[in-house]
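Residue numbers for the sequence shown follow the working numbering, so the first one is 113 and each next one is one higher.
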Amino acid sequence: MKTALIGLGNILLSDDGVGVHAINKLKNEYKFPEFVELIDGGTKGLDLLPFFEGNDRVLIIDAANFKKEPGTIDTVEGDKIPAFLSSKLSVHQIGLPDMLFAAKLMEITPAEMCLIGIQPESMETSTELSDVVGNKMDALIDKVLYKLKQWGVEVVSKASHPLSGMRANSENRFHQG
Numbered sequence: 113m114k115t116a117l118i119g120l121g122n123i124l125l126s127d128d129g130v131g132v133h134a135i136n137k138l139k140n141e142y143k144f145p146e147f148v149e150l151i152d153g154g155t156k157g158l159d160l161l162p163f164f165e166g167n168d169r170v171l172i173i174d175a176a177n178f179k180k181e182p183g184t185i186d187t188v189e190g191d192k193i194p195a196f197l198s199s200k201l202s203v204h205q206i207g208l209p210d211m212l213f214a215a216k217l218m219e220i221t222p223a224e225m226c227l228i229g230i231q232p233e234s235m236e237t238s239t240e241l242s243d244v245v246g247n248k249m250d251a252l253i254d255k256v257l258y259k260l261k262q263w264g265v266e267v268v269s270k271a272s273h274p275l276s277g278m279r280a281n282s283e284n285r286f287h288q289g
């Protein structure tokens, strides 16, 4: 099944760019099957609609307002996703909730959709993640790899050998918030 991993956010606003940083880390450290596409979604809004139409599964990585402690990682599936996404930066920007609504209206919503988000600490102007969010990057990647494993996607580390969808000794972290 065709799968898209989309990292969202503005890399100029510290933790808002966590999705893009995660996609870059995944591209650099792992090999994915040909049916999996990794996309730097940045702040592209409606320009991402074709990735919803052409894929059976979409996994979104983004800063999300879970109203929890900064650095908290959580997974949200299906129709519950828009409630947790970052707000627009201006009235001129199309946010992901708007894009998901457009995809639904156009009847191009993928069969399965998942948001793996992290509660941001800082949205200040900076190209660096806050220490809290930066220190959780490996745990965020583990959650992504675990979800891919659930979807039957085998990911291979460029540094070692085939993984069954996660790093060794990380399984216990998946049930923590």
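Beta carbons: idealized from backbone N, C-alpha and C, even for Gly.
State the DSSP-derived secondary structure class of residue i, mapped to helix, strand or coil.
| i | result |
| --- | --- |
| S238 | strand |
| V267 | coil |
| S124 | As written in the sequence, residue 124 is Leu, which differs from the Ser given in the question. Three-state DSSP puts L124 in coil, outside helix and strand. |
| M218 | coil |
| I152 | According to the sequence as given, residue 152 is Asp; it is not Ile. Correct three-state label for D152: strand. |
| D174 | strand |
| K200 | Model confidence at K200 stands at a pLDDT of 47, short of 50, so the residue's coordinates are unreliable; what they give is reported in the following sentence. In the structure shown, K200 sits in coil (DSSP, three-state: anything other than H, G, I, E or B). |
| A223 | coil |
| G129 | helix |
| D168 | coil |
| K261 | helix |
| G229 | strand |
| K329 | For the chain, the structure presents residues 113 to 289; residue 329 sits outside this window and is missing. |
When burial is assigned at 16 or more other CB atoms within 10 Å of the CB, is residue i buried or exposed?
| i | result |
| --- | --- |
| S202 | Any reading at S202 must be qualified, since the residue scores a pLDDT of 35, below 50, and its modelled position is unreliable; the value itself is stated next. By the 10 Å Cβ count, S202 comes out exposed. |
| T115 | buried |
| H204 | In this prediction, H204 has a pLDDT of 33, which is less than 50 and means its spatial position is unreliable; what the coordinates show is noted afterwards. H204 is exposed by the Cβ-count criterion. |
Return yes when the Cβ of residue j is within less than 8 Å of the Cβ of residue i, no when it is not.
| i | j | result |
| --- | --- | --- |
| I253 | K137 | yes |
| G129 | N122 | yes |
Per DSSP, which residues does residue i bridge with? Please list them.
| i | result |
| --- | --- |
| E181 | BP columns for E181 are empty, so no partner. |
| L307 | Residue numbering for the chain in the displayed model covers 113 to 289; residue 307 lies beyond these limits and cannot be assessed. |
Legend entry - At least 3 beta-carbon pairs within less than 8 Å: the segment 153–172 vs the segment 217–229: Contact between the segment 153–172 and the segment 217–229 is present, because at least three Cβ pairs lie under 8 Å.
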